[in-house]
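Q: Here it is: the structure, laid out below.
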Amino acid sequence: MSEIKCPNCGKTFKIDENSYAEIVKQVRDAEFSSDIEAKIHDATEVLHAKSAAEYLKLKNEKDAEISKLEAKISSFEAEKKLAISEAVSKVEKERDEIKNKLEVSVAENKSKEIVLKEKYEGALALKDEQISQLKDFKAKQSTKMVGESLEQFCHDEFDKIRMTAFPNAYFEKDNDAKTGSKGDFIFRDFDENGVEIVSIMFEMKNEMDTTATKHKNEDFFKELDKDRNEKKCEYAVLVSLLEANHELYNTGIVDVSYRYPKMYVVRPQFFITIITLLRNAALKSLEMKRELALAREQNLDITHFEENIEAFKAGFARNYELASKKFKTAIEEIDKTIDHLQKTKEALLRSEDNLRLANDKADNLSVKRLTRGNPTMKAKFDELKNSQK
Numbered sequence: 000m001s002e003i004k005c006p007n008c009g010k011t012f013k014i015d016e017n018s019y020a021e022i023v024k025q026v027r028d029a030e031f032s033s034d035i036e037a038k039i040h041d042a043t044e045v046l047h048a049k050s051a052a053e054y055l056k057l058k059n060e061k062d063a064e065i066s067k068l069e070a071k072i073s074s075f076e077a078e079k080k081l082a083i084s085e086a087v088s089k090v091e092k093e094r095d096e097i098k099n100k101l102e103v104s105v106a107e108n109k110s111k112e113i114v115l116k117e118k119y120e121g122a123l124a125l126k127d128e129q130i131s132q133l134k135d136f137k138a139k140q141s142t143k144m145v146g147e148s149l150e151q152f153c154h155d156e157f158d159k160i161r162m163t164a165f166p167n168a169y170f171e172k173d174n175d176a177k178t179g180s181k182g183d184f185i186f187r188d189f190d191e192n193g194v195e196i197v198s199i200m201f202e203m204k205n206e207m208d209t210t211a212t213k214h215k216n217e218d219f220f221k222e223l224d225k226d227r228n229e230k231k232c233e234y235a236v237l238v239s240l241l242e243a244n245h246e247l248y249n250t251g252i253v254d255v256s257y258r259y260p261k262m263y264v265v266r267p268q269f270f271i272t273i274i275t276l277l278r279n280a281a282l283k284s285l286e287m288k289r290e291l292a293l294a295r296e297q298n299l300d301i302t303h304f305e306e307n308i309e310a311f312k313a314g315f316a317r318n319y320e321l322a323s324k325k326f327k328t329a330i331e332e333i334d335k336t337i338d339h340l341q342k343t344k345e346a347l348l349r350s351e352d353n354l355r356l357a358n359d360k361a362d363n364l365s366v367k368r369l370t371r372g373n374p375t376m377k378a379k380f381d382e383l384k385n386s387q388k
């Protein structure tokens, strides 16, 4: 058993080995715990120190990044403001240009409007003047003179534009009354090659308000259609001042083809207009007519080609037939000639045999044979023989 003195109270007491071991163990555990706590404290302080340094480092890095981002944001804001400023400036410039153009356009349109207004006012004034003149004619002249004045009016209107609009046109009074009637004017227009583009038979009708007999436009349709057909014109136009209050005829150009084909009724102010319309329509159809004529010519050429082929085939067949007959006849003649020659050959062969026999006989002929049985000839030959000696 051991004695241990307390360091605090100075009292001595005894302990056995087990108690001693327990105390030592306690002391060791206390020292170990203290040591552990000290080490943990030290480690904690080191960890805090490292964490603070790393935090500071991270903070500095983040601050730097934030500074960079703020700089970029500032730069972006500046660029955005600049772009917005430039875009606004461009838009304002375009707006100003459009505004200027619009103002110029408005001014031009206004100027054109003024010109057109003046033009149409002038045209209306001219038409009013023409109407006034026509009314004056009706008041001052006889019925016949009014009609003649309308014809003269139309003739003058056409002459005003003849050289510029219709340089190749014919527009003259219809003086041919062979068929029993005639219209007032015939219009024919031609192209550069002299091909007729369009033709119009015109009739001008007017009468004074004081005339006892009031005619209608329809009263002249039949005769006008007859004149159109007899003079071989494509269209018929009645230029009329009749039925002055008729709403339909006062619209301008009236198509009356429901009564007679290709016939129109117009007021005098539309005289040039109807010519222009019909002529332009004819120009368009002329090209179609040319294409149709070309197609017909091509079809005709094909037809002629086929006809020529058929004619050639027929002629060839006939010539072949004639040649075949002549050839057959010639063959027959040749056969006859061959037969004749064969007979001639046989005759000649027979003649040759006879000649050969004759020759053999001639070869066998002698004086002795000639004088045999003929004392006179024997005496002659003997005498000739002795004389030669």
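Residue numbering for the sequence shown follows numbering that gives the first Met the number 0, starting at 0 and increasing by one per position.
Every residue, glycine too, gets a C-beta built ideally from N, C-alpha and C.
From a predicted model like this one, the values you see are computed outputs, not experimental measurements.
1) So the alpha helix (DSSP H) Phe-220 belongs to, where does it begin and stop?
2) For Leu-240, which residues of its own chain have a beta-carbon under 6 Å away from its beta-carbon, when the five flanking residues on both sides are left out?
3) Need the endpoints of the beta strand (DSSP E) that Ser-400 sits in, please.
4) Suppose contacts are defined by Cβ-Cβ distances below 8 Å. Is Val-265 in contact with Val-238 by that definition?
5) Here's the rule: buried if 16 or more other CB atoms are within 10 angstroms of the residue's CB, otherwise exposed. What is Asp-188?
6) In the DSSP assignment, find the beta strand (DSSP E) that holds Val-255 and state where it starts and stops.
7) Could you give the DSSP three-state label for Glu-171: helix, strand or coil?
8) Could you give the C-beta distance for Ile-252 and Phe-269, rounded to a whole number, given that I count them as a contact under 8 Å?
9) Short of 6 Å in beta carbon distance, which residues of its chain neighbour Gln-140, apart from the five on each side in sequence? Order them along the chain.
10) What is the C-beta distance between Tyr-180 and Asp-226, in whole angstroms, given that I count them as a contact (C-beta under 8 Å)?
11) Tell me where the beta strand (DSSP E) around Phe-184 begins and ends.
12) Could you tell me the distance, in whole angstroms, from the CA atom of Lys-111 to the CA atom of Glu-120?
13) Please classify Tyr-169: is it buried, with 16 or more other beta-carbons within 10 angstroms of its beta-carbon, or exposed?
14) In angstroms, rounded to a whole number, what distance separates the CA positions of Glu-96 and Ser-88?
15) For Leu-223, which residues of its own chain have a beta-carbon under 8 Å away from its beta-carbon, when the five flanking residues on both sides are left out?
16) Could you tell me the distance, in whole angstroms, from the CA atom of Lys-231 to the CA atom of Ile-185?
17) Report yes or no: do the stretch 270-284 and the stretch 152-160 share at least 3 C-beta pairs separated by less than 8 Å?
18) Per DSSP, Ala-235 forms a beta bridge with which residues?
19) Using the Cα positions of Glu-171 and Glu-102, report the straight-line distance between them to the nearest angstrom.
20) Relative to the C-alpha of Arg-289, which candidate in Lys-118, Leu-55, Val-194 has its C-alpha closest?
21) Roughly how many angstroms lie between the CA atoms of Leu-55 and Glu-44, to the nearest whole one?
22) Using the C-alpha atoms, what's the distance from Ala-310 back to Thr-343?
23) Looking at Asn-216 and Tyr-248, is the spacing between their C-beta atoms short of 8 Å?
24) Output needed for Thr-375: all residues of its chain with C-beta closer than 7 Å, excluding positions within five of it in sequence on either side, in chain order.
A: Considering the structure as presented:
1) The residue you call residue 220 lines up with position 221 of the sequence shown. Residues 220-229.
2) In the sequence shown, residue 240 corresponds to position 241, counting from 1. Once the five neighbours on either side are set aside, the close Cβ partners of Leu-240 are Asn-205.
3) What the structure shows of the chain is the stretch from 0 to 388, and residue 400 is not part of that stretch, so it cannot be assessed.
4) The residue labelled residue 265 in the question sits at position 266 within the sequence shown. The residue labelled residue 238 in the question sits at position 239 within the sequence shown. For Val-265 and Val-238, yes; Cβs fall inside 8 Å.
5) The residue given as residue 188 occupies position 189 in the sequence shown. Result: buried.
6) Taking the first residue of the sequence shown as position 1, residue 255 is located at position 256. Careful: Val-255 lies outside any beta strand (DSSP E) and carries neither H nor E.
7) Working through the sequence shown from its first residue, we reach residue 171 at position 172. Strand.
8) Residue numbering aside, residue 252 sits at position 253 when the sequence shown is read from its first letter. Residue numbering aside, residue 269 sits at position 270 when the sequence shown is read from its first letter. Ile-252 to Phe-269, Cβ: 5 Å. Contact.
9) The sequence position of residue 140 within the sequence shown is 141, counting from 1. With a pLDDT of only 43 at Gln-140, under 50, the local geometry of the prediction cannot be trusted, and the value read off the model is given with reservation. So no residue of the chain qualifies.
10) Reading the sequence shown from its first residue, position 181 is the one you call residue 180. Reading the sequence shown from its first residue, position 227 is the one you call residue 226. It should be pointed out that residue 180 corresponds to Ser in this sequence rather than to Tyr. Sure, about 6 Å apart at Cβ, within 8 Å.
11) Sequence index remark: in the sequence shown, residue 184 carries index 185 (1-based). Its beta strand (DSSP E) spans residues 184-189.
12) Counting from one through the sequence shown, the residue named residue 111 turns up at place 112. Counting from one through the sequence shown, the residue named residue 120 turns up at place 121. Taking the straight line joining both Cα atoms gives about 14 Å.
13) The residue labelled residue 169 in the question sits at position 170 within the sequence shown. Tyr-169 should be labelled exposed.
14) Along the sequence shown, read from residue 1 onward, the residue named residue 96 stands at position 97. Along the sequence shown, read from residue 1 onward, the residue named residue 88 stands at position 89. Looking at the two C-alpha atoms, the distance is approximately 12 Å.
15) Taking the first residue of the sequence shown as position 1, residue 223 is located at position 224. Around Leu-223: Gly-182, Met-200, Glu-202, Ala-235, Leu-237, Tyr-259, Met-262.
16) Here the question's residue 231 lines up with position 232 in the sequence shown. Here the question's residue 185 lines up with position 186 in the sequence shown. Rounded to whole angstroms, Lys-231 to Ile-185 spans 10 Å at the Cα level.
17) yes
18) Residue 235 sits at position 236 when you count from the first residue of the sequence shown. Per DSSP, Met-200, Met-262.
19) Against the sequence shown, residue 171 aligns to sequence position 172. Against the sequence shown, residue 102 aligns to sequence position 103. Computed Cα separation, rounded: 52 Å.
20) Counting from 1 along the sequence shown, the entry for residue 289 is found at position 290. If we check each option's Cα against that of Arg-289, Val-194 comes out closest.
21) Numbered from 1 along the sequence shown, position 56 holds the residue referred to as residue 55. Numbered from 1 along the sequence shown, position 45 holds the residue referred to as residue 44. Taking the straight line joining both Cα atoms gives about 16 Å.
22) In the sequence shown, the residue the question calls residue 343 occupies position 344. In the sequence shown, the residue the question calls residue 310 occupies position 311. Rounded to whole angstroms, Thr-343 to Ala-310 spans 48 Å at the Cα level.
23) Start at 1 with the first residue of the sequence shown, and residue 248 comes out as number 249. Start at 1 with the first residue of the sequence shown, and residue 216 comes out as number 217. Yes, Cβ-Cβ distance for Tyr-248 and Asn-216 is below 8 Å.
24) As a first step, residue 375 must be located in the sequence shown, where it is residue number 376. For Thr-375, where only same-chain residues beyond five positions count, there are no Cβ hits under 7 Å.
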